[in-house]
Amino acid sequence: MKFSTVGSFTLLFCASVLGSPIIQHRSAAPGVVHFPIEARTPPKERLARRFRKRDSNSTVTMTLNNDINNGAYLTNITVGTPGQSLRVQVDTGSSDLWVQSSSNPVCQVSQDFCATTKTFEDNDSSSFMATSADFTITYADGSFARGEYVKDTLGFGGIAVDGFQFGLATNSTSNLGVFGIGFDTNEVASTTYENLPDRLVSEGFIGVKAYSLWLNDIDSSTGNVLFGGLDLGKFTGELVTVEMLPTVATIYSQFLLSLTDITYGSGSSNSTILSSSDGDTAINVVLDSGTTYGVLPESIVAGIAEAIGSAQYSSDYSLYLLDCSLQDSTATVNLTFNGAATLAVGLNQLVVPIEYNSQGNTLCALGVQASSSFTSDALQSATYLLGDAFLRSGYIVYDLDNKQISLAQAVFNSATTDIVVLNSTGVTGQSGKGSSGTSSAFRLRGPGLWVVLGVALLAGVSVL
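So that you can map any letter, position 163 of the sequence shown is 157 in the working numbering, and since no number is skipped, the others follow by simple counting.
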């Protein structure tokens, strides 16, 4: 996680894990790995995260814990032998795991600063292996993590991966480590190595480099990442598959799509904000769970605010302020990707409280920022981001092997589980069976509670 200051308002997202990952035992053949998520209560501040840079029969689940106090999605892992428990932010927008060294000065600021996320003591691990490679990740706002690449046993979700490479930060500006699960081409290492999706396949835990993300409702405490499969019980309608765009030439390093159309719907009225059929230029966006808000062109953000009607821009916050009653709105911001897949994002998922008193929310804002609000040239010129505020409404399958993204409307708080293991053909017309929940476009919220759901989420602003 990294920090970024927007105007005079510092938007901060950290996270802590409230529960242990769901344990799924490994079968003889590769399959699915499951990562669950859990949430807490909301913080006063919010951060529009960083830009970074860079056939089987089972699955693996990673449980995500939604730490509302810090606005990030965390997961519990163990590192070393015996395993040392750590909490890290799960991030689809980066590709390296890095954790805090016990010698990192940032964790010595106060006794409690790293108490919830924990630190790693390499001298206490019998399986620790040093390398000669430096680890450095720097973000556009100047925040960073530095140290060296090391190897040790990684455990989560009831599985163990020996000799897993990760960064051990001996100096950083944050107390929270990050678990990047993107393309290995986005690693900060000078030589590409097998990151988590790679190792899960090579170790036979799953059969393909693909996983699904379910962040759940803004007011919910848990979600998950399901490696190697998808859960039909967590979405409704049919998954629509679109092709990713290469980041540079033929290289894929980000989960990049073309955002071709945006409309705003409220009751019987419909406003067009972006229309490729009308000659508007599509914009490239990264679907990044490591970003809390969205970061879009100023004209798009202003168009959404104008369609809402009551939004007022605040230069103090560099955000559009909204009446908190819109947390119960049934309006939607409808996003169409590659001219084919449409996701209805409930406005109630985009209205975030930024100030509180004993009676509840006193000030709310629209969870999307204009890229021009950042002082960093690197951030202003980078590809735009759709973070947790938008991704919560979707059930999203990231297929790294086939370079495809599949999207459907998420079902919040679904009590149904029906896991399908993915194979090399990818997602082929799967239809959701979600029940006992609420369609993501129409979830009503109670006052005074805001939960940012995400998988690795938050951070600051990093340079592509």
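For each residue, glycine too, the CB sits at the ideal point set by N, CA and C.
Rounded to the nearest angstrom, the Cβ distance from residue 284 to residue 361 is 15 Å, too far for a contact under 8 Å. Within the stretch 246 to 329, the beta strand (DSSP E) runs of at least 3 residues that lie entirely inside it are, in chain order, 250 to 260, 263 to 269, 277 to 281, 288 to 290, 306 to 308, 313 to 316.
Nearest neighbour of residue 172 by Cα position, chosen from 205, 178, 88, turns out to be 88. Taking C-beta atoms as the reference points, residue 169 and residue 248 fail to come closer than 8 Å. Beta-bridge partners of residue 93 (DSSP): 162. Comparing C-alpha distances from residue 357 to each of 321, 58, 156, 68 shows the shortest one belongs to 321. The alpha carbon of residue 245 has as its nearest neighbour, out of 177, 411, 27, the alpha carbon of 177. Scanning 110, 303, 333 for the CA closest to the CA of residue 269 turns up 333. Residues 71, 72, 77 of the same chain have their beta carbon placed closer than 7 Å to that of residue 149, with the five preceding and five following residues left out of the count. A distance below 7 Å between beta-carbons, with the five flanking residues on each side excluded, links residue 339 to the following residues of its chain, in chain order: 326, 327, 329, 384, 387.
Within the same chain, and ignoring the five residues on either side of residue 252 in sequence, the residues whose Cβ sits closer than 7 Å to its Cβ are 239, 276, 278, 331, 332. The C-alpha of residue 299 is placed about 15 Å away from the C-alpha of residue 311. For the pair of segments examined, the stretch 414 to 421 was found not to touch the stretch 210 to 219: the number of CB pairs separated by less than 8 Å stays below three. Only residues of its own chain outside the window of five on either side were considered, and among them 206, 391, 414 have a CB closer than 6 Å to the CB of residue 224, listed in chain order. According to DSSP, residue pairing for residue 206 in a beta bridge involves 220, 391. Three or more pairs of CB atoms, one per stretch, sit closer than 8 Å, so the stretch 390 to 405 contacts the stretch 418 to 428.
In chain order, 119, 120, 121, 147 place their CB closer than 6 Å to the CB of residue 75, counting only its own chain and leaving out the 5 sequence neighbours on each side. The alpha carbon of residue 348 has as its nearest neighbour, out of 315, 91, 364, the alpha carbon of 315. For residue 128, the closest alpha carbon among the candidates 218, 410, 184 is that of 184. In chain order, 364, 366 place their CB closer than 6 Å to the CB of residue 292, counting only its own chain and leaving out the 5 sequence neighbours on each side. Here the alpha carbons of residue 297 and residue 156 stand approximately 50 Å from one another.
At a Cβ-Cβ threshold of 8 Å, residue 57 and residue 69 count as neighbours. Less than 8 Å divides the Cβ of residue 421 from the Cβ of residue 393. Of the residues 153, 243, 318, the one whose Cα lies closest to the Cα of residue 346 is 318. The alpha-carbon of residue 295 is positioned some 19 Å away from that of residue 324. DSSP, reduced to helix, strand and coil, places residue 103 outside both helices and strands of the structure shown, so it counts as coil. Within its own chain, the residues whose Cβ lies closer than 8 Å to the Cβ of residue 196, once the five positions on either side in sequence are excluded, are 188, listed in chain order.
Residue environment: residue 204 is assigned as buried (16 or more neighbouring CB atoms within 10 Å of its CB, all protein chains considered).
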